[in-house]
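Going by the working numbering, the sequence shown runs without a break in its numbering and finishes at 270.
Ideal Cβ placement from N, Cα and C applies to all residues, glycine included.
Structure record follows, encoded as structure tokens.
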Amino acid sequence: MLRPIPRLLGASAALFGLAALLLPACGGPPPKDPSQMTGAELFLANCARCHGRAGEGSFLAPNIKGASEHWTVDQLVIYIRDPQKVIAEDERLRAQGQQYSQRMPAFPQLSPDQRAKVAEWVLRPR
Numbered sequence: 145m146l147r148p149i150p151r152l153l154g155a156s157a158a159l160f161g162l163a164a165l166l167l168p169a170c171g172g173p174p175p176k177d178p179s180q181m182t183g184a185e186l187f188l189a190n191c192a193r194c195h196g197r198a199g200e201g202s203f204l205a206p207n208i209k210g211a212s213e214h215w216t217v218d219q220l221v222i223y224i225r226d227p228q229k230v231i232a233e234d235e236r237l238r239a240q241g242q243q244y245s246q247r248m249p250a251f252p253q254l255s256p257d258q259r260a261k262v263a264e265w266v267l268r269p270r
């Protein structure tokens with residue numbers, strides 16, 4: 145006489161074991177250490193939601209192409225750290241801010257080196 149329950153349990157255990165082995169492979173690589181990220185990667189992770197993946201801008205934030213006409217790396221690093229302070233002191237930025245529904249947030253989680261990487265990427269010629 146066949147015993148369907150033990151066979152079913154055995155097959156279920158085998159499938160569960162196979163799934164346990166394959167599941168980690170489906171998750172992709174582990175997240176990259178933020179301190180090792182490039183300027184482009186940091187931009188995508190922190191800025192692209194508002195500025196667009198390529199910096200093309202949106203209804204939330206301006207196009208960043210041509211930013212080198214108004215910014216140096218050092219100035220942009222300061223702006224990324226505390227944008228509202230810089231905006232309060234700059235008429236051009238105050239006027240620009242009136243065009244968008246979103247205020248530029250600060251990024252305290254970024255180190256000075258990471259802010260510099262983002263600034264360098266934003267200011268590079270496209």
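- DSSP places Ile208 in the coil class of the three-state scheme, outside both helix and strand.
- In the structure shown, Gly199 adopts coil according to DSSP, grouped into three states.
- Straight through space, the alpha carbons of Leu237 and Asp226 are spaced by roughly 13 Å.
- Sixteen is the threshold: when 16 or more other Cβ atoms of the shown chains lie within 10 Å of the Cβ of Arg259, as they do, the residue is buried.
- When secondary structure is reduced to three states using DSSP, Phe251 falls in the coil class, being assigned neither helix nor strand.
- Judged by DSSP in its simplified three-state form, Asp257 adopts helix.
- As the crow flies, the alpha-carbon of Phe251 is around 11 Å from that of Gln228.
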